[in-house]
Amino acid sequence: MPQRKKPRVGEVMEYAIAITALVWDTVLLDPADRRRSTYESRLRGLFQAVAKAHNQSPQARQVHFDLCSREQKEGALALTLRRMEPPQGVPYLLLSLQGEPVEA
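Shown next, in the form of structure tokens:
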């Protein structure tokens, strides 16, 4: 009887992640990337990069990091991950392009 692969379960992030429209369009909907990779692989790569950046500095209110992919020829995309703590509501992580204006 063939053995089934056990699903890999990594650490669960303690925060929800919000992504700005500009990051979404740039990273996930870029027409040039559609020819080279699937939407699912780009989304998985984005979440893996976010988790890595957050886990390296989990207490930081803001982390800057670069998103690199094998498909990108012109270099990495500079991103910012911010921990948002609304007065009423649940804290979450906001992913934006570095320098992109976001409301606090």
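Residues are numbered in the numbering used here as their position in the sequence shown, beginning at 1, plus a constant of 13. Glycine residues also receive a C-beta, built at the ideal position from the N, C-alpha and C atoms. No experiment lies behind these values; they were computed from the predicted model shown.
Q) From what residue to what residue does the beta strand (DSSP E) around A62 run? A) Annotation for A62: no beta strand (DSSP E) segment contains it, though the alpha helix (DSSP H) segment containing it runs Y52 to Q69.
Q: Please classify L35: does DSSP put it in a helix, a strand, or coil?
A: Of the three classes helix, strand and coil, the one that applies to L35 here is helix, per DSSP.
(Q) Using C-beta distances below 8 Å, list every residue in its chain close to A89, excluding the 5 sequence neighbours before and after it, in chain order. (A) Within the same chain, and ignoring the five residues on either side of A89 in sequence, the residues whose Cβ sits closer than 8 Å to its Cβ are D79, L80 and C81.
(Q) What does the alpha-carbon distance come out to for the pair L94 and Q72? (A) Our two residues, L94 and Q72, have alpha carbons roughly 12 Å apart in a direct line.
Q. Is Y28 near L106, with beta carbons less than 7 Å apart?
A. With respect to the 7 Å criterion, Y28 and L106 are classified as neighbours on the basis of their beta carbons.
Q | Residue of A91, P100 and E113 minimising C-alpha distance to A62 | A | Minimum Cα-Cα distance from A62 among the listed residues A91, P100 and E113 corresponds to A91.
Q. Is DSSP giving V115 helix, strand or coil here?
A. It is coil, neither helix nor strand.
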